[in-house]
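Structure first, then comments.
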Amino acid sequence: MERRFRTWVALVVFAAVLLALPLLVRQPYYRTILVFVGINALAATGLNLLMGYAGQVSLGHAAFVGIGGYASAVLSVNLGVNPWAAMVAGVVAASLIAWLIGIPTLRLHGHYLAIATLGFGMIVSIVFAEWRGLTGGVGGIPGVPALRVAGLALDNHLRFYYLVWTCLYATVIATSNISNSRLGRALRAIRGSEIAAQTTGINTGSYKLQVFVLSAALAALAGSLFVHYISFASPSRFGFAYSIELVVMAVLGGLGNMWGPIVGSGVVTALGELLRPLRDLDVPAFGLILVLVLIFLPRGVTTSLGLLVQRLRAPRPTNGEVAPANIVGAGEP
Amino acid sequence: MSTSSQILQYAFSGLTLGAIYAIIALGFTIIYNATDIVNFAQGEFVMLGALTMVTLHSPPPAGHGLALWLALPLAVATGAAAAGALQRLAIRPLRHGSVLTLIIVTIGASILLRGAAMILWGRNAMLLPPFTQRGALFVGQASIMPQSLWVIGVTALVVAGLAIFYAQTLVGKGMRAVAINRQGAQLVGISPSRMVLWSFVLSGALGAVAGILIAPITMAVYNMGTLLGLKGFSAAILGGLGSSPGAVLGGVILGLLESFAGGFISSGYKDAVAFLILLAVLFIRPTGMLGGRATPS
Chain C
1 MERRFRTWVA
11 LVVFAAVLLA
21 LPLLVRQPYY
31 RTILVFVGIN
41 ALAATGLNLL
51 MGYAGQVSLG
61 HAAFVGIGGY
71 ASAVLSVNLG
81 VNPWAAMVAG
91 VVAASLIAWL
101 IGIPTLRLHG
111 HYLAIATLGF
121 GMIVSIVFAE
131 WRGLTGGVGG
141 IPGVPALRVA
151 GLALDNHLRF
161 YYLVWTCLYA
171 TVIATSNISN
181 SRLGRALRAI
191 RGSEIAAQTT
201 GINTGSYKLQ
211 VFVLSAALAA
221 LAGSLFVHYI
231 SFASPSRFGF
241 AYSIELVVMA
251 VLGGLGNMWG
261 PIVGSGVVTA
271 LGELLRPLRD
281 LDVPAFGLIL
291 VLVLIFLPRG
301 VTTSLGLLVQ
311 RLRAPRPTNG
321 EVAPANIVGA
331 GEP
Chain S
334 MSTSSQILQY
344 AFSGLTLGAI
354 YAIIALGFTI
364 IYNATDIVNF
374 AQGEFVMLGA
384 LTMVTLHSPP
394 PAGHGLALWL
404 ALPLAVATGA
414 AAAGALQRLA
424 IRPLRHGSVL
434 TLIIVTIGAS
444 ILLRGAAMIL
454 WGRNAMLLPP
464 FTQRGALFVG
474 QASIMPQSLW
484 VIGVTALVVA
494 GLAIFYAQTL
504 VGKGMRAVAI
514 NRQGAQLVGI
524 SPSRMVLWSF
534 VLSGALGAVA
544 GILIAPITMA
554 VYNMGTLLGL
564 KGFSAAILGG
574 LGSSPGAVLG
584 GVILGLLESF
594 AGGFISSGYK
604 DAVAFLILLA
614 VLFIRPTGML
624 GGRATPS
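Sequence lines, in order, name chains C and S.
Residue 159 in this note's numbering sits at position 159 of the first sequence, and the numbers go up by one each step.
Numbers given in this note's numbering equal positions in the second sequence, counted from 1, plus 333.
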């Protein structure tokens, strides 16, 4: 009960911060960063559900982001479809593809699963770059129309900020609900031990597939929003590098934590901007920081903070008793 | 060119490519056998070997123009040293981490190495002179570069050398022992930690050799390692992760398939061939052609 109350308080505070932020942050450059943080966090949320709650891995998630993005671009530019409808189509397409690819892929485990998703991601990114007729090839698709709400074009940073972060707010709530639902408990059981979960009657294959499809849908949504924001779809944005960035965001933020994707996305995006003055040093610096964080904070920022808070609150064990076990984020995959 | 000549031509380039993939796949296999880790930074050792060789062997101003026999061991040693450093500094502190953590660490290391290479060598592709300066040799209408023969020949030597290494030398036998039963090896006085380090060093050396061999044909550039590493890994999976003969077989088959697909179907999509094969193997028979281990830990 206390946990639910704390979650509600956090959500209210979060909403307040979100509403206040644009008033404090007025420069377009920083507002753009906020929008990108939001978009990345949306995609990372999908990954968080897949990796943090269900214990699976996806090194190819940029493919689904790209599918959403390109569906939006192709439909709205080449076929004049309403951008909202194009976005829905993108989400549906990504979900379908995820469902199809998920069935054979999710039978794999560990490294094999990671590699299969990586291979899938690579194939899709090659298709984006090579299928010139559909995707415009390496040049991409320019001139993607802006989304419109009641005649108002969502074509400036502020309006897009509200759109993206409203979506994100909804997904945070959804994540929290999933986490406390039957699905969430089943997923955590699968993450802890798939075989044990199966023995208790959980249909692990079905649940894994559901989460995989959901994560792909979220990624596609992020991709569509991205493409409508920058009015441009290009394959370079949806390749292996972005897949890795998303995984880093999910892991850095803290897997299995509903705030993880936002924190992770914020840290990674902010890091990218902070390192920019280093010019060419920014890429190796990013790699170095990644390795260091994994060594010292392997469970990510939010989970480590949560553990720290718990350890500060918990009474010291006496007589050699073991300290109370922490269930949050339990079960290494 | 007649079709049969085309086939021969593609076969030559496919074998050359396949030899490179085989060496890279062996690098993956060695580390995987010793540690159950998939080293996503393997491709970067290839890149380091190639670029270091350029700096040492290429004529000025690009390089120092050192003789081949002098530059080659130094470049190989660079790759080996980088791999050793990777194991000691990044892998060993995290050896108790989850599969995901280790994957990300090796990816992080590859980002770091790639970025460092970009700073040291710039973004432009650099030329490495071929080992021998003769012109192309011809079989009918199909041509084969002398460098391709070097690639295939050296690869064959490397494979044979590795077999001898594993069978006859103490370090090689020690590595096999650790791969078979870590605790048992410890009990007879073999240090698993040292053997793991050796396996990384050896993989780094192999990767560097692959880079040195291929650079005269494809040029050397800071980001050449990523795709090569991934394809080498696909080859290892195709042959069966954990099986050395599998790595070689997988590499050769992948090289041939990619070459033929690029020639007869489409050159733009040829990179996708490796990954399509990868997916096919993983979906149908994850243990690959020659077995390997059923499930990774």
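For every residue, glycine included, the Cβ atom is placed at its ideal position computed from N, Cα and C.
Keep in mind it's a predicted model, so treat the numbers as computed, not measured.
| request: Taking S/G486 as the reference, give the member of S/A543, S/K564, S/Q342, S/Q339 with the closest Cα. | output: If you number the second sequence from 1, residue 486 of chain S lands on position 153. It is S/A543 whose Cα lies nearest to the Cα of S/G486.
| message | Less than 6 Å between C-beta atoms, sequence neighbours within five positions excluded: which residues of the same chain meet that for S/P463? | response | Locating residue 463 of chain S in the second sequence gives position 130, counting from the first residue. So the qualifying residues of the chain are Q480, P549.
| request: Can you give me the Cβ contacts of S/K603 inside the same chain, cut-off strictly under 6 Å, excluding the 5 residues immediately before and after it? | output: The count along the second sequence starts at 1 and reaches residue 603 of chain S at position 270. Result list for S/K603: E591, A594, G595, in chain order.
| request: Measure from the C-beta of C/Y229 to each C-beta in chain S and report whether the shortest distance is under 8 Å. | output: The residue you call residue 229 of chain C lines up with position 229 of the first sequence. Not one chain S Cβ lies under 8 Å of C/Y229.
| field | Rounded distance between the beta-carbons of C/A233 and C/V91, thought under 8 Å | value | If you number the first sequence from 1, residue 91 of chain C lands on position 91. If you number the first sequence from 1, residue 233 of chain C lands on position 233. In fact, because the Cβ distance is near 15 Å, the residues do not count as touching under 8 Å.
| query | Can a CB atom of chain C be found closer than 8 Å to the CB of S/I570? | reply | The sequence position of residue 570 of chain S within the second sequence is 237, counting from 1. It does; some Cβ of chain C falls within 8 Å.
| query | Do three or more CB pairs link the stretch 180-194 of chain C to the stretch 52-60 of chain C at distances below 8 Å? | reply | yes
| field | Residue burial classification, C/P83 (beta-carbon count within 10 angstroms, cutoff 16) | value | For the purposes of this step, residue 83 of chain C is taken as the residue at position 83 of the first sequence. Label assigned to C/P83: buried.
| What three-state label does DSSP hand S/I598 in the structure shown? | Sequence index remark: in the second sequence, residue 598 of chain S carries index 265 (1-based). In the structure shown, S/I598 sits in coil (DSSP, three-state: anything other than H, G, I, E or B).
| Burial state of S/G522 (16 or more Cβ within 10 Å) | Sequence index remark: in the second sequence, residue 522 of chain S carries index 189 (1-based). Looking at its Cβ environment, which holds fewer than 16 other Cβ atoms inside 10 Å, S/G522 is exposed.
| query | Would you call the stretch 566-582 of chain S and the stretch 433-452 of chain S touching, i.e. three or more CB-CB distances under 8 Å? | reply | no
| query | For C/F232, which three-state DSSP category applies? | reply | To locate residue 232 of chain C, count along the first sequence from 1; it is residue 232. Of the three classes helix, strand and coil, the one that applies to C/F232 here is strand, per DSSP.
| request: Could you check how far apart the C-beta atoms of C/L34 and C/Y161 are, in whole angstroms? I think they sit under 8 Å. | output: Here residue 34 of chain C refers to the residue found at position 34 of the first sequence. Here residue 161 of chain C refers to the residue found at position 161 of the first sequence. Going by Cβ atoms, the distance from C/L34 to C/Y161 rounds to 6 Å, so yes, they are a contact pair.
| Which of helix, strand or coil does DSSP assign to S/A627? | Within the second sequence, numbered from 1, the residue matching residue 627 of chain S stands at position 294. Confidence in S/A627 is poor, its pLDDT being 46 and thus under 50, which makes the residue's placement unreliable; the coordinate value appears in the next sentence. If DSSP states are grouped into helix, strand and coil, S/A627 belongs with coil.
| said: Cutting at 6 Å between CB atoms, please list the residues of its own chain near S/L399, excluding the five before and the five after it. | reply: As a position in the second sequence, residue 399 of chain S is number 66, starting the count at 1. Taken in chain order, the residues that qualify are L389, H390.
| Between S/A415 and chain C, is there a C-beta pair that is closer than 8 Å? | Counted from its first residue, the second sequence places residue 415 of chain S at position 82. Judged by the 8 Å Cβ criterion, S/A415 is not in contact with chain C.
| task | Kindly indicate if chain S contains any beta-carbon less than 8 Å away from that of C/P235. | result | Reading the first sequence from its first residue, position 235 is the one you call residue 235 of chain C. Closer than 8 Å: no.
| Counting only beta-carbon atoms, is S/S526 nearer than 8 Å to chain C? | Counted from its first residue, the second sequence places residue 526 of chain S at position 193. Not one chain C Cβ lies under 8 Å of S/S526.
| How many angstroms separate the CA atom of S/I444 from the CA atom of C/L118? | For the purposes of this step, residue 444 of chain S is taken as residue 111 along the second sequence, with counting starting at 1. For the purposes of this step, residue 118 of chain C is taken as residue 118 along the first sequence, with counting starting at 1. C-alpha separation (whole angstroms): 16 Å.
| field | Given S/A414 as reference, the closest of S/T362, S/L446, S/K564, S/V438 once Cα atoms are compared | value | Residue numbering aside, residue 414 of chain S sits at position 81 when the second sequence is read from its first letter. Of the candidates S/T362, S/L446, S/K564, S/V438, the one whose C-alpha sits nearest the C-alpha of S/A414 is S/L446.
| field | DSSP-derived helix/strand/coil call for S/F471 | value | On the second sequence, position 138 is the one that residue 471 of chain S refers to. Looking at S/F471 - three-state DSSP - the assignment turns out to be strand.
| Residue-level contact to chain S via CB, C/F286, 8 Å cutoff | Start at 1 with the first residue of the first sequence, and residue 286 of chain C comes out as number 286. So, interface residue.
| Considering only C-alpha positions, which residue in the set C/Q210, C/S206, C/L42 is nearest to C/G223? | Taking the first residue of the first sequence as 1, we reach residue 223 of chain C at position 223. Considering only alpha carbons, the answer is C/L42.
| message | Looking at chain C, is there any beta carbon in it that lies within less than 8 Å of the beta carbon of S/G441? | response | By one-based count along the second sequence, residue 441 of chain S stands at place 108. Output row for S/G441: interface = yes.
| Measuring CA to CA, which of S/G558, S/I437, S/M528 is closest to S/A646? | Given a span of 334 to 630 for chain S in the structure shown, any question on residue 646 of chain S remains unanswerable.
| Near S/T385, which residues of its chain fall below 6 Å by C-beta distance, leaving aside the five closest residues on each side in sequence? | One-based indexing of the second sequence puts residue 385 of chain S at position 52. Counting only Cβ-Cβ distances below 6 Å, and skipping sequence neighbours, we find A408, T411.
| said: DSSP three-state label for S/A543, please. | reply: Taking the second sequence and counting its residues from 1, one reaches residue 543 of chain S at position 210. The answer is helix: DSSP assigns S/A543 an H, G or I state.
| query | If you run the structure through DSSP and keep just helix, strand and coil, what is S/G553? | reply | Residue 553 of chain S sits at position 220 when you count from the first residue of the second sequence. Inspection of the sequence shows that residue 553 of chain S is occupied by Ala rather than by Gly. S/A553: strand per DSSP, three-state reduction.
| field | C/A116: contacting residues in chain S (beta-carbon distance under 8 Å) | value | Within the first sequence, the letter at position 116 stands for residue 116 of chain C. Near C/A116 (Cβ distances below 8 Å), the residues of chain S are L611, L612, L615, F616.
| query | In chain S, which residues lie less than 8 Å from C/E273 when you measure between Cβ atoms? | reply | Your numbering for residue 273 of chain C matches position 273 in the first sequence. By Cβ distance, chain S contributes nothing, its closest Cβ being about 17 Å from C/E273, past 8 Å.
| request: Give the residues from the stretch 277-307 of chain C that approach chain S closer than 7 Å (Cβ to any Cβ), ordered along the chain. | output: D280, L281, V283, P284, F286, G287, L288, L290, V291, L294, I295, P298
| message | According to DSSP, simplified to helix, strand and coil, what is S/Q342? | response | Counting from 1 along the second sequence, the entry for residue 342 of chain S is found at position 9. Note: S/Q342 maps to helix in three-state DSSP.
| message | Assuming the contact rule is C-beta atoms closer than 8 Å, S/G621 and S/V614 should be a hit. Round their C-beta distance to whole Å, please. | response | On the second sequence, position 288 is the one that residue 621 of chain S refers to. On the second sequence, position 281 is the one that residue 614 of chain S refers to. With a Cβ gap of about 6 Å, S/G621 and S/V614 count as contacting.
| field | Rounded separation between S/A358 and S/G573 - CA only | value | Taking the second sequence and counting its residues from 1, one reaches residue 358 of chain S at position 25. Taking the second sequence and counting its residues from 1, one reaches residue 573 of chain S at position 240. Approximately 10 Å between the Cα atoms of the pair.
| field | Unbroken stretches of the alpha helix (DSSP H), 4 residues or longer, contained in the stretch 560-611 of chain S | value | 577-597
| Meets three-Cβ-pair contact criterion under 8 Å: the stretch 55-68 of chain C and the stretch 107-118 of chain C | yes
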